[in-house]
Every structure is written in structure tokens, then in C-alpha cells.
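Here my numbering = 1-based position in the sequence shown + 7. Beta carbons are placed, not taken as given, at the ideal position from N, Cα and C, and that holds for glycine. Please read these numbers as outputs of a predicted model, since none were measured by experiment. To start, the structure itself, in C-alpha cells.
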Amino acid sequence: MSSNFRLSRAYENAKVVAFDDSSKFILFSDCHRGDNSFADDFANNRNIYFHALKHYYNNGFEYCEIGDGDELWENRSFEPIFEAHKNVFQLLRQFHLENRLHMLWGNHDMVYKDEAYVKKHLSSYFEPIDNKDKELFEGITYHEGLILKHKDTQQELFLTHGHQADWWNYTFWRWGRFLVRVLWQPLQVWGIADPTSPAKNYKELIKVERRIKKWILNNELIITIVGHTHRPRFPEPGDIPFFNDGSCVHPRSITGIEIENGTISLIKWQIATKDDGTLQIVRILLEGPQKLIEYKKAVDH
Numbered sequence: 008m009s010s011n012f013r014l015s016r017a018y019e020n021a022k023v024v025a026f027d028d029s030s031k032f033i034l035f036s037d038c039h040r041g042d043n044s045f046a047d048d049f050a051n052n053r054n055i056y057f058h059a060l061k062h063y064y065n066n067g068f069e070y071c072e073i074g075d076g077d078e079l080w081e082n083r084s085f086e087p088i089f090e091a092h093k094n095v096f097q098l099l100r101q102f103h104l105e106n107r108l109h110m111l112w113g114n115h116d117m118v119y120k121d122e123a124y125v126k127k128h129l130s131s132y133f134e135p136i137d138n139k140d141k142e143l144f145e146g147i148t149y150h151e152g153l154i155l156k157h158k159d160t161q162q163e164l165f166l167t168h169g170h171q172a173d174w175w176n177y178t179f180w181r182w183g184r185f186l187v188r189v190l191w192q193p194l195q196v197w198g199i200a201d202p203t204s205p206a207k208n209y210k211e212l213i214k215v216e217r218r219i220k221k222w223i224l225n226n227e228l229i230i231t232i233v234g235h236t237h238r239p240r241f242p243e244p245g246d247i248p249f250f251n252d253g254s255c256v257h258p259r260s261i262t263g264i265e266i267e268n269g270t271i272s273l274i275k276w277q278i279a280t281k282d283d284g285t286l287q288i289v290r291i292l293l294e295g296p297q298k299l300i301e302y303k304k305a306v307d308h
């Protein structure tokens, strides 16, 4: 099974969400939320992420998580992740209750493709204070792909994690999970990186990006937004419309993609120092805003 076939299948089976120029989306991926142990890369940025997420909730954005939201290779179950980052999940629940939550699975949370697993672990949680189960993501469904389709222009934006172009992390993800749990996780404390991860192996990263770009060229230059490699990408109109929102485990910052007012932007949230020495979390515009329709014109002409 080729990467082209896997990407095409994700596109064909994708959930379709209609939008227009009044719609607002924030796209994050690769949060790798863990159990707040030494191996939890998300823990360093959790306050930045929570602040950004609250900003988007308060301002009416819909939230799209493009895979690897939860680190279920290093952690054997969702429960310790939930307990470590309860405030994050309770805020995500608010998005869910208002139909503003769109969740995709990646290779590190590929167990979420199993609807029975999701229903068992994510529908509710036990609250010790009340000594009873409480609803969490009741009725949620994870998808492999998501298509944002503009109501007026019919322009499509295809969102998927991107590991479809990484044969090892798609086909042999169980072996990858096994190796991370028994080998790379203990070595991570010594700073030894997992060589199978495209985010830490530049040669693999380039191969993955090349395969996705080839798929885009073979599919009418549809705007495609992925994660997986952790490397932010923001093309100019006229270039291959291959976007990457980066990750939420960069050193001291998180990156994402905003879609608002018919435009697309690459943004970063990080901690900055005020003149008086106090710290604040700030949003920085890295690329854009660029009109989505300009990418459609590039295709038409």
C-alpha cells in the first residue's frame, strides 16, 4: 500500500465541514500530551497552550487537532494523561459541547481510530470528589481526515496528520510504539532521540514532505494541511499548497494555523518578558494572513 493510496483514502473518507468567510478555525497538532513525567514534552508548554486555547474559545474559533494530540506510545492509557492535564480537557469539552471540536488521529494516538476504544476511554471520567463518573467527550468521533469546504467558492482544504506518507509510522505503528515504550522512552532522559521519528530525523522528514507534495500535485493542487514532522510550512500562492502547522512541543513555544476572514496564517505563541521583568504569553504572526482564494487562482491559472 503506497503513501499515495493512503492519502487518497484519507481524503475520500474525510469528514466534510462547510465554512465561509465568517468562520474561524485554529489548527494545532502534535501536542503529545503526556502524564507530566520527565518524558512529557507537552508539560513544558502546557500553560502556553492552555492560554492560547482559552483565547480561541473566547473568540469563537472552532478547534481542529490534526493528530498526535495525546501521547499514547509512551503512555499505555488515556487516564493518566487526563489527570495530568485536566484543565485542558475540560476546556476541550466546552468546544465539544458547542460542536466546535474536530479531532483527527495520528500515529501516536492511532488507537482512536477504534470507535469502541474512544467510547470506552473518552466518553466519561471518574471524579473522586463526587465519587461518580462525569461526561467528557460523549459521542465524539475521531477521523483520519477533515475537509473544510467553502460554501461559496467550493474551495477545499484537506487536513490530515501526514503519517500516511511515512510507511513505518503508519503501517508498523505498533512496532514503533513498542520500541518507544521499551527503548527510547528510558533513553529520552539522557537526550537520545528516537531515530524513527521524522521530527528528529531530517532525512525522513524530507522524504515525508516530498511524498505529500507529490500527492498534492496529482490531486488538483488541493490545499493540504498536515502535522507529523513538527516543521511549520507556509507556501506562497503559486507554490505547491503544502502547509504544516508545526507542533505544540517546540522549545518554549507552540505553533499553529489560523483560518479567519477567508485568510490563512501561521502563528506562534510563546512567553515574553515585559520591561518590568514580568512574564506574559504573546501571539506572534509568523506568516500571512494570505487570502485562501489566491491559492485557488493559482490552480485555475
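Mind checking residue i: buried by the 16 CB within 10 Å criterion, or exposed?
| i | result |
| --- | --- |
| Asn82 | buried |
| Pro135 | exposed |
| Ala279 | exposed |
| Ser10 | buried |
| Glu78 | buried |
| Asn251 | buried |
| Leu14 | buried |
| Ile55 | buried |
| Gly284 | exposed |
| Val289 | exposed |
| Leu292 | exposed |
Below 6 Å CB to CB, which residues in the same chain sit around residue i once its five sequence neighbours on both sides are set aside?
| i | result |
| --- | --- |
| Ile266 | Phe32 |
| Met110 | Glu72 and Tyr149 |
| Leu224 | none |
| Ser254 | Asp37 and His237 |
| Asp48 | His39 and Val256 |
| His128 | Phe85 |
| Phe12 | none |
Between residue i and the rest of its own chain, which residues show a CB-CB distance below 7 Å, the 5 nearest in sequence each way excluded?
| i | result |
| --- | --- |
| His308 | Because the pLDDT of His308 is 40, which lies under 50, any placement of that residue in the model is unreliable, and the number read from its coordinates should be weighed accordingly. Correct list: empty, nothing qualifies. |
| Asn268 | Asp28 |
| Glu90 | none |
| Gly319 | Because the chain spans 8 through 308 in this model, residue 319 falls outside it and cannot be assessed. |
| Tyr18 | Gly152 and Phe165 |
CB residue i to CB residue j, shorter than 8 Å?
| i | j | result |
| --- | --- | --- |
| Ile247 | Lys220 | yes |
| Leu166 | Ile232 | yes |
| Gln97 | Lys303 | no |
| Glu142 | Ser131 | yes |
| Gly169 | Val215 | yes |
| His235 | Gly113 | yes |
| Asn65 | Ile261 | no |
| Pro244 | Gln297 | yes |
| Val23 | Lys156 | yes |
| Tyr70 | Phe102 | yes |
| Asp116 | Pro87 | no |
| Phe144 | Arg100 | yes |
| Leu60 | Gly263 | no |
| Phe241 | Glu301 | no |
| Leu299 | Ile271 | yes |
Between which two residues does the beta strand (DSSP E) containing residue i stretch?
| i | result |
| --- | --- |
| Tyr132 | Ser131 to Glu134 |
| His235 | Note, His235: premise wrong, no beta strand (DSSP E); not H, not E. |
| Ser30 | Ser30 -> no beta strand (DSSP E), and no H or E assigned at all. |
| Ser260 | Ser260 to Glu267 |
| Thr167 | Glu163 to Thr167 |
| Val289 | Leu286 to Lys298 |
| Gln277 | Thr270 to Thr280 |
| Ile154 | Gly152 to His157 |
| Phe250 | Phe249 to Asn251 |
| Glu142 | Lys139 to Glu142 |
Where does the unbroken alpha helix (DSSP H) through residue i begin, and where does it stop?
| i | result |
| --- | --- |
| Ser10 | Ser10 to Glu19 |
Please work out which residues of its chain come closer than 8 Å, Cβ to Cβ, to residue i, disregarding the five sequence neighbours upstream and downstream, and give them in chain order.
| i | result |
| --- | --- |
| Phe57 | Asn94, Val95 and Leu98 |
| Asp140 | Ser131, Tyr132, Phe133 and Glu134 |
Enumerated in chain order, which unbroken segments of the alpha helix (DSSP H) with a length of 4 residues or greater are wholly contained in the stretch 43-129? 53-65, 86-91, 93-104 and 122-129
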